[in-house]
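Asker:
Residue numbers (the numbering used here): 100 to 591.
1) On the DSSP letters alone, give me the boundaries of the alpha helix (DSSP H) that residue 224 sits inside.
2) In whole angstroms, give me the CA-to-CA distance for residue 558 and residue 340.
3) When the Cα of residue 298 is compared with those of 503, 550, 282, 277, which residue comes out closest?
4) Okay, do the stretch 339-358 and the stretch 368-386 touch, 3+ Cβ pairs below 8 Å being the bar?
5) What does the Cβ neighbour count give for residue 150, buried or exposed, with the cut at 16 atoms within 10 Å?
6) Thinking C-alpha only, which one of 589, 578, 516 is nearest residue 533?
7) Mind checking residue 309: buried by the 16 CB within 10 Å criterion, or exposed?
8) Counting only runs of 3+ residues fully inside the stretch 354-390, write out the beta strand (DSSP E) ranges in chain order.
9) Rounding to the nearest angstrom, what Cα-Cα distance links residue 494 and residue 459 in this structure?
10) What are the partner residues of residue 155, as DSSP defines its beta bridges?
11) For the alpha helix (DSSP H) holding residue 438, just list the boundary residues, first then last.
12) Taking the straight line between their C-alpha atoms, what separation do you get for residue 586 and residue 569?
13) Nearest-angstrom Cα distance between residue 525 and residue 539?
14) What are the residues that DSSP puts in a beta bridge with residue 549?
15) Tell me the rounded alpha-carbon separation between residue 444 and residue 245.
16) For residue 152, count the other beta carbons within 10 Å of its own beta carbon; 16 or more makes it buried, fewer makes it exposed. Which is it?
17) Please report the straight-line C-alpha distance between residue 438 and residue 306, rounded to a whole angstrom.
18) Report all residues from its chain with a CB closer than 6 Å to the CB of residue 576; omit the five preceding and five following residues, and keep chain order.
19) Using DSSP with H/G/I as helix, E/B as strand and the rest coil, what is residue 143?
20) What are the residues that DSSP puts in a beta bridge with residue 429?
21) Among 347, 334, 566, 573, whose alpha-carbon lies nearest the alpha-carbon of residue 556?
22) Give the straight-line distance between the Cα atoms of residue 260 and residue 210, rounded to the nearest whole angstrom.
23) Please classify residue 284: does DSSP put it in a helix, a strand, or coil?
24) Please state the DSSP three-state secondary structure of residue 477.
25) Suppose you measure from the CA of residue 337 to the CA of residue 356; what does that come to, to the nearest Å?
26) Does DSSP classify residue 253 as helix, strand or coil?
27) Taking only the alpha-carbon atoms, compute the straight-line gap between residue 578 and residue 480 and give it to the nearest angstrom.
28) Just grab the DSSP bridge partners of residue 320 for me.
29) Who are the near neighbours of residue 143 in its chain, counting only those whose CB is closer than 8 Å to its CB and skipping five residues on each side?
30) Does residue 556 come out as helix, strand or coil in the three-state DSSP assignment?
31) Residue 454 and residue 421 - do their beta-carbons sit closer together than 9 Å?
32) Can you grab the Cα-Cα spacing for the pair residue 214 / residue 265, in whole Å?
33) Whole-angstrom Cβ separation of residue 318 and residue 272, contact assumed at under 8 Å?
34) Who are the near neighbours of residue 383 in its chain, counting only those whose CB is closer than 8 Å to its CB and skipping five residues on each side?
35) Just verifying my parser: in three-state terms, what is the DSSP assignment at residue 272?
36) Considering only residues of the same chain and omitting the five flanking positions on each side of residue 426, which have a CB-CB separation below 7 Å?
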């Protein structure tokens, strides 16, 4: 079993310390190995059985361009032949299907068959197969996926217990620690590479929770989803990305740290989906200039740019311009910290949020929402806004209209007492132009019913159409508020 080699690992660590003596200054000279090279064979041997190759297949349509169909005389005996060769009514994608194959890596974390890999390794796959070091293969099912962190949990059903590995604590890793990567680079299964932790906390702009371990252990295409081990044989990262102009390893690879991955994995196993905390704000970096202008002693925290209506922050009274300094007792040093802290907070929990507002610190209590539900609400709200904008973009009675908000009112100099829908433009030759309506006017009422949006005007006109009316009575105001009534013909 994988755990039987712990004593060998301890012996390896002792041997490594003996092989590399410290100098009088307490600094270890690079590559100083007077007793000969230290082998990691025992470590690798104990881990290889728990690392799997992931192969996936996806059925895709092959594009088949349309060909001109030969014309044959009516009743020709060759008609059936040509119908089979040149099928009618199909489109360019109506060709034969083929299987697209892809390869990646993964690792077993439980004896009963739970496997961790990257989401991008198995995305859109019709079939997923885990290939084990002993040559056996098992079809895998998806337990859950999380595109935001690029993590996927799979399950296979073995006849007996599987070799598996432990998920360790990446927070204990330090720059310079030795690490081992095992995976399936370029389809070469069971490949082992060694290196060190080159950096921690890397943000490569791949998602909202970037916090990668950077390593110079050789990671190539096909290593995705494979484990990055420490010298105790525990997984501290999931190999995910590389920087490579050539497509091969240049010594810059990135792994998702287990401190970030473990909560996601646990949620996917328990619920089949993630359940992240949500605050309901858009945030931006607090620069030195922003900190100085707001009276903050140092550039820290996350500046609230926008607050989603009816979200947790809105209900708690958080406002645009606030700076979040701490969340649930955890300091927010930079903007990047806040999304990770909020995401790891249990949904429904009430927490204290320390804000900097108008030169003073104050604390508000927020009931944490669920990110996935918040995203659905935001999407629905945006779709509704897009529908309204789409309606606004359509001319009504030959007029282009826009909602009269404060910004437009100030820009165009419309009096404060004027309420209604602003006329942006009037098409030539229309009834509205004939009746003297012009850009800058405001439609206050349609058939004695107040209107506030272009959609209101459109709906009133549609109601008149359905009732058989041929004209619409409009109350029109100019920018100063002078009122007049006009009758505009409803175009068919």
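Ideal placement from N, C-alpha and C gives every residue a C-beta, glycine not left out.
Computed from a predicted structure; not experimentally measured.
Answerer: Reading from the atomic positions:
1) First-last for residue 224: undefined, no H or E at that position.
2) 52 Å
3) 277
4) no
5) buried
6) 589
7) buried
8) 380-384
9) 49 Å
10) 201, 227
11) 436-442
12) 10 Å
13) 10 Å
14) 544
15) 17 Å
16) buried
17) 11 Å
18) 517, 541, 543, 582
19) helix
20) 426
21) 573
22) 5 Å
23) helix
24) helix
25) 7 Å
26) strand
27) 31 Å
28) Looking at the DSSP assignment, residue 320 forms no beta bridge with any residue, so it has no partner.
29) 279, 281, 291
30) helix
31) yes
32) 12 Å
33) Incorrect: roughly 16 Å between the Cβ atoms, too far for contact.
34) 401, 402, 404, 434
35) coil
36) 437, 440, 441, 450, 452
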